[in-house]
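In my numbering, the protein residues as written are 524 to 656. The beta-carbon is built from N, C-alpha and C at its ideal position, and this holds for glycine as well. Structure, as structure tokens:
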Amino acid sequence: MSELPTATGSFGDKPELSFPGSAAPEGLQVQVLEQGSGDTVQAGDTIVVNYLGQTWGGHVFDNSYDRGDTISFPIGMGVVIGGWDDGLVGQQIGSRVMLSIPPEHGYGPRGVPQAGIKGTDTLVFVVDVVGVE
């Protein structure tokens, strides 16, 4: 089994990722870096998060920490990429979660060229589950 990256900091801190020398793992990988103690996120909730997204071994393409503002969106409803729906439903508020998301659970074969994401890129997110609305 491939290793996942390591992330600096704790809940609320902007993480920095260090990638292992190995290739990205197959399939969706979900690792709880810090276990929260709040309510469990349910499909259909509007989840509130901070996040950092980076391509495997590559560049940070988005993060909410630098903007100083969380984002919120319906979870488990097909509004966001599948890796978020599958990886964040069932997590507890206050948790910091790392998601390693292969293309088939991410943006698919097209990628997101304007964000520098190729269709073959595995995406790694560190997500702080701040709350639900």
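Apart from the 5 residues on each side of it in sequence, Gly617 sits with its Cβ closer than 6 Å to the Cβ of Gly559, Ser560, Gly561 in its chain, given in chain order. As computed with DSSP, Ala530 is found in a beta bridge with Leu540. Per the Cβ contact rule, the region 599 to 609 is not in contact with the region 579 to 590 (fewer than 3 Cβ pairs under 8 Å).
In the DSSP annotation of this structure, the continuous segment of the alpha helix (DSSP H) that includes Leu611 starts and ends at 605 to 611. Just measuring C-alpha positions, the residue of Gly535, Glu526, Ile570, Glu656 sitting nearest Gly599 is Ile570. Looking at the DSSP output, Leu575 shares a beta bridge with Asn586, Val649.
According to the DSSP assignment, Val555 belongs to the beta strand (DSSP E) that extends over 552 to 557. Here Val555 is exposed. Its C-beta has fewer than 16 other C-beta atoms within 10 Å. Rounded to the nearest whole angstrom, the CA to CA distance from Ser595 to Val635 is 21 Å. Non-local C-beta neighbours of Thr643 in its own chain, meaning closer than 7 Å and more than five positions away in sequence, comprise Pro626, ordered along the chain. The Cβ neighbour count for Ser545, taken over all protein chains shown within 10 Å, is under 16; the residue is labelled exposed. Taking the C-beta atoms as reference points, Ser541 is found no nearer than 8 Å to Arg619.
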